[in-house]
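As structure tokens, the structure follows; a few thoughts come after it.
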Amino acid sequence: MSSASAAPQKYQLFIDGQFVDSESGKTFKTPNPATGDTLAEVAEADKADIDKAVGAARRAFEGKWSKLSARDRGRLLYKLSQLIEQHSADLAALETADNGKPIKESLYVDLPQVVENFEYFAGWATKIEGETIPVPGKMFNYTLREPIGVCGQIIPWNFPLLMAAWKLAPALAAGNTVVLKPAEQTPVGAMELAKLIQEAGFPEGVVNIVPGYGETAGAALASHPGIDKIAFTGSTEVGKLIAKSAADNLTKVSLELGGKAPNIVFADSDIEQAVAGAMMGIFYNQGQVCCAGSRLFVEESVKDEFLGKLSDKAGKIAVGDPMNKSTQMGPQVSEEQLNRIKGYVDIAREEGATVVAGGATPQLEGAFQKGYFFSPTIFAEVKNSMRVAQEEIFGPVVSVISFKDEDDLIKQANDTIYGLSAGIWTKDITRAHRFAKEIKAGVIWINTYNMFNAASPFGGYKQSGYGREMGRHALDLYTQVKSVWVDLSGRPIGWFGK
Ligand code: ADP
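Numbering (our numbering), first residue to last: 2 to 499.
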């Protein structure tokens, strides 16, 4: 296991069980977003490497992997989960160095959830079953639930290792083989994971990991005729490109895309709890969360009190060195993202919103002056129709919108192209459950936010995507159903036999 503080690490592609250079010999550098220094130099996959990886995954799918028992597949996944747990401290440090998230989050949230996902799906390997169907007559009908085949998986940079776990664990539990492309901004965790996959003893070619750019490696993978399924997590814009290129081969697709979640505070809520929930909703992981509560609806009668408390707390967030255990917010992942966020601050001002907290880069010392930091930011006086309330910013930036009554609120909350998640803060349980039913989103949090568990499904309505990851629902994405009919009568069938 490599250390986060050492000189730039070098990583190769992981194809057919081996670490290899890219066919072109090209590499790319990935910076540490806290300082801008190079963290690692990584082999850059392109079409030729994707071809090789897909070929290896196909051979593994038709060869050793399909001959392994479900129990052995589960044991390999469980072994992997244990190896990850053993290396958690190093993996968390590397994840923080690569992505910028505070070490407290990598170590105590991301890594435990990575372990949990592999553990959970390890258990599923032996429990994927078909059914018997009560068809009429002297017929026996049953179903076989089979793996789909070779799966391409493209993941984003906001939770690099966790997204790899969400994708790999169910796919492998169900007996598929995989070509995984990590995001170019954060390839390190996946390459470290490749070492553990090799150590766990997965047959060669079952998992192939091919870092590279989206427009080259990603596009080559999504459009490859040799894959049976493509799973993608990322922006809605790229999700549409993936769906289009998959359409040419009718490759099966699952998408987990953007969001603009309403997080709703009613006057009857516990205001302290709601303020903490609003902070968790938007500032966690520097706001780089697809289910972030970025539209904060606050009931008019408590708006001033709520906003005062929220701004006060936002101003006290410890922003700085993500390796420091007391840091609450690290840098954004890249300069590009930082500039995008700054652009939205200008847009907010032009649209007539007011910036009541943050809105600029914080003053930091030494090496961190070159990092991609941005202060926790609150826009007030926002209308739901404004761009800052409709477009996904993907940063620590929240738009506060006030509302008067529940009908108006539901209409506004649902007035978005997205539908990934929503939160509500109220002591009125009737209202809370009514809201849960009426909001068009895949995940609802009542008096809480950002809760996840490997057993609970996650995914979007509307343009937030299709398919559900985690829980038993994830197995639907990675299996297909075969219906088998057996005659029990022993007689010729129908009128042709007469
Ligand atoms: P973001 O805009 O947040 O960086 P993206 O949706 O661009 O998110 O990226 C998510 C993942 O999709 C990354 O692994 C990236 O390399 C990949 N990607 C980007 N563009 C394409 C594309 N045209 N085809 C396939 N994958 C892509």
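The C-beta atom is built at its ideal place from N, Cα and C for all residues, glycine as well.
Next on the checklist: DSSP three-state label for Asn142, please.
Outcome noted: In the sequence shown, the residue the question calls residue 142 occupies position 141. The answer is strand: DSSP assigns Asn142 an E or B state.
Item to check | Gly240 to Glu205 span [Cα, whole Å] | outcome: The count along the sequence shown starts at 1 and reaches residue 240 at position 239. The count along the sequence shown starts at 1 and reaches residue 205 at position 204. Going by the C-alpha atoms only, they are around 30 Å apart.
Checklist entry - According to DSSP, what are the bridge partners of Glu147? => result Position 146 of the sequence shown holds residue 147. Note: Glu147 sits in a beta bridge opposite Gln481.
Item to check | Candidates Leu108, Arg59, Leu181, of which the one nearest Pro323 by Cα | outcome: On the sequence shown, position 322 is the one that residue 323 refers to. Measuring from the Cα of Pro323, the nearest candidate turns out to be Leu108.
Next on the checklist: Given a cut-off of 9 Å on the beta-carbon distance, is the pair Glu352 and Gly259 in contact?
Outcome noted: Sequence index remark: in the sequence shown, residue 352 carries index 351 (1-based). Sequence index remark: in the sequence shown, residue 259 carries index 258 (1-based). No, the pair does not count as a contact, with Cβ atoms beyond the cut-off.
Checklist entry - Do three or more CB pairs link the stretch 73–82 to the stretch 46–63 at distances below 8 Å? => result no
Checklist entry - Roughly how many angstroms separate the alpha carbons of Gly202 and Arg74, rounded to a whole number? => result Your numbering for residue 202 matches position 201 in the sequence shown. Your numbering for residue 74 matches position 73 in the sequence shown. Spanning the two alpha carbons is a distance of roughly 10 Å.
Item to check | Sub-9 Å separation of Tyr214 and Phe375 beta-carbons | outcome: Against the sequence shown, residue 214 aligns to sequence position 213. Against the sequence shown, residue 375 aligns to sequence position 374. No.
Next on the checklist: Taking DSSP's pairing of strands, which residues face Ile265 in a bridge?
Outcome noted: Position 264 of the sequence shown, counting from 1, holds the residue named residue 265. In the DSSP output, where bridge partners are listed per residue, Ile265 has Phe298, Ile425.
Checklist entry - Going by alpha carbons, who is nearest to Tyr285 out of Asn142, Ala175, Thr217, Lys102? => result Residue 285 sits at position 284 when you count from the first residue of the sequence shown. Ranking the options by Cα distance to Tyr285, first place goes to Lys102.
Checklist entry - Alpha carbon to alpha carbon, how far is Gln13 from Thr178? => result For the purposes of this step, residue 13 is identified with residue 12 of the sequence shown, where counting begins at 1. For the purposes of this step, residue 178 is identified with residue 177 of the sequence shown, where counting begins at 1. Distance between the alpha carbons of Gln13 and Thr178 is about 20 Å.
Checklist entry - Does the separation of the CB atoms of Leu222 and Ile231 fall below 9 Å? => result The residue you call residue 222 lines up with position 221 of the sequence shown. The residue you call residue 231 lines up with position 230 of the sequence shown. Yes. Within cutoff.
Next on the checklist: In the DSSP assignment, the beta strand (DSSP E) including Ser403 goes from what residue to what residue?
Outcome noted: As a working mapping, residue 403 is identified with position 402 in the sequence shown. It spans 398–404 - the beta strand (DSSP E) in which Ser403 sits, taken as one unbroken run.
Checklist entry - Which residues bound the beta strand (DSSP E) around Ile445? => result Here the question's residue 445 lines up with position 444 in the sequence shown. Element bounds for Ile445: 444–447.
Next on the checklist: Quick check: what's the CA-CA separation for Glu470 versus Lys168?
Outcome noted: To locate residue 470, count along the sequence shown from 1; it is residue 469. To locate residue 168, count along the sequence shown from 1; it is residue 167. Whole-angstrom Cα-Cα distance: 8 Å.
Checklist entry - Measuring CA to CA, which of Asp229, Lys139, Glu120 is closest to Glu147? => result Indexing the sequence shown from 1 puts residue 147 at position 146. With distances taken between Cα atoms, Glu147 lies closest to Asp229.
Item to check | CB of Gly466 within 9 Å of CB of Glu257, strictly | outcome: Position 465 of the sequence shown, counting from 1, holds the residue named residue 466. Position 256 of the sequence shown, counting from 1, holds the residue named residue 257. Their beta carbons are under 9 Å apart, which means Gly466 touches Glu257 by this criterion.
Next on the checklist: Given 8 Å as the limit, tell me if Phe395 has its C-beta closer than that to any heavy atom belonging to the ligand ADP.
Outcome noted: Along the sequence shown, one-based indexing puts residue 395 at 394. Checking the Cβ of Phe395 against the ligand ADP gives yes.
Next on the checklist: Using C-beta distances below 7 Å, list every residue in its chain close to Lys463, excluding the 5 sequence neighbours before and after it, in chain order.
Outcome noted: One-based indexing of the sequence shown puts residue 463 at position 462. Once the five neighbours on either side are set aside, the close Cβ partners of Lys463 are Ile418, Tyr419, Gly420, Lys441.
Checklist entry - For Ser3, which residues of its own chain have a beta-carbon under 6 Å away from its beta-carbon, when the five flanking residues on both sides are left out? => result Here residue 3 refers to the residue found at position 2 of the sequence shown. Bear in mind that the predicted position of Ser3 carries a pLDDT of just 48, short of 50, making it unreliable; the figure below should be weighed with that in mind. Once the five neighbours on either side are set aside, the close Cβ partners of Ser3 are Gln10.
Checklist entry - Would you call the CB atoms of Val399 and Ile425 closer than 9 Å? => result Here residue 399 refers to the residue found at position 398 of the sequence shown. Here residue 425 refers to the residue found at position 424 of the sequence shown. Result no, Cβ atoms of Val399 and Ile425 do not sit closer than 9 Å.
Next on the checklist: Using CA atoms only, rank isn't needed, just tell me which of Phe497, Gly472, Asp488, Ile494 is closest to Ala123.
Outcome noted: In the sequence shown, residue 123 corresponds to position 122, counting from 1. Here the closest residue by C-alpha is Gly472.
Item to check | Close-in-space but distant-in-sequence residues of the same chain around Pro458 (CB under 6 Å, 5 per side omitted) | outcome: As a first step, residue 458 must be located in the sequence shown, where it is residue number 457. Closer than 6 Å at the Cβ level, and outside the excluded window around Pro458, lie Arg469, Met471, Gly472, His474.
Checklist entry - Between Glu130, Glu106, Tyr121, which lies nearest to Pro161 when the distance is taken from Cα to Cα? => result Walking along the sequence shown from the start, residue 161 turns up at place 160. Cα-wise, what sits closest to Pro161 is Glu106.
Item to check | Cβ pair Lys326, Ile149 closer than 9 Å | outcome: Sequence index remark: in the sequence shown, residue 326 carries index 325 (1-based). Sequence index remark: in the sequence shown, residue 149 carries index 148 (1-based). Against a cut-off of 9 Å, the Cβ pair of Ile149 and Lys326 comes out as no contact.
Item to check | Buried versus exposed call for Lys182 [16 or more other C-beta atoms within 10 Å across all chains shown] | outcome: Taking the first residue of the sequence shown as position 1, residue 182 is located at position 181. Label assigned to Lys182: buried.
Item to check | Span of the beta strand (DSSP E), counted from its first residue to its last, around Gln10 | outcome: The residue labelled residue 10 in the question sits at position 9 within the sequence shown. Run containing Gln10: 10–12, per the beta strand (DSSP E) assignment.
Item to check | Helix, strand or coil at Ser3 [DSSP, three-state] | outcome: For the purposes of this step, residue 3 is identified with residue 2 of the sequence shown, where counting begins at 1. Bear in mind that a pLDDT of 48 at Ser3, under 50, signals an unreliable position, so the number given afterwards is only what the model happens to contain. DSSP places Ser3 in coil when its eight states are reduced to three.
Checklist entry - Would Lys483 pass as a contact of Leu145 if the rule is Cβ separation under 9 Å? => result Along the sequence shown, read from residue 1 onward, the residue named residue 483 stands at position 482. Along the sequence shown, read from residue 1 onward, the residue named residue 145 stands at position 144. For Lys483 and Leu145, yes; Cβs fall inside 9 Å.
Item to check | Proximal residues to Gln481 (C-beta, below 7 Å), its chain only, five neighbours per side dropped | outcome: Walking along the sequence shown from the start, residue 481 turns up at place 480. Around Gln481: Glu147, Ile149.
Next on the checklist: As a quick exercise: from Ala165, Ile265, Lys139, Ile85, pick the residue whose alpha carbon is nearest that of Tyr500.
Outcome noted: Absent from the structure is residue 500, since the part of the chain shown begins at 2 and ends at 499.
Next on the checklist: Looking only at its chain, what residues have a beta carbon closer than 8 Å to the beta carbon of Ser312, apart from the 5 residues adjacent to it on each side?
Outcome noted: Here residue 312 refers to the residue found at position 311 of the sequence shown. The residues are Val357, Ala358, Ile379.
Item to check | Per DSSP, the bridge partner or partners of Tyr345 | outcome: Along the sequence shown, one-based indexing puts residue 345 at 344. Paired residues: none, contrary to the question.
Item to check | Tyr467 in three-state terms, based on DSSP | outcome: Taking the first residue of the sequence shown as 1, we reach residue 467 at position 466. In this structure, Tyr467 counts as strand in the three-state DSSP scheme.
Checklist entry - Going by the C-beta, is Leu222 closer than 8 Å to any heavy atom of the ligand ADP? => result Counted from its first residue, the sequence shown places residue 222 at position 221. Yes, since a heavy atom of the ligand ADP falls inside the 8 Å radius drawn around the Cβ of Leu222.
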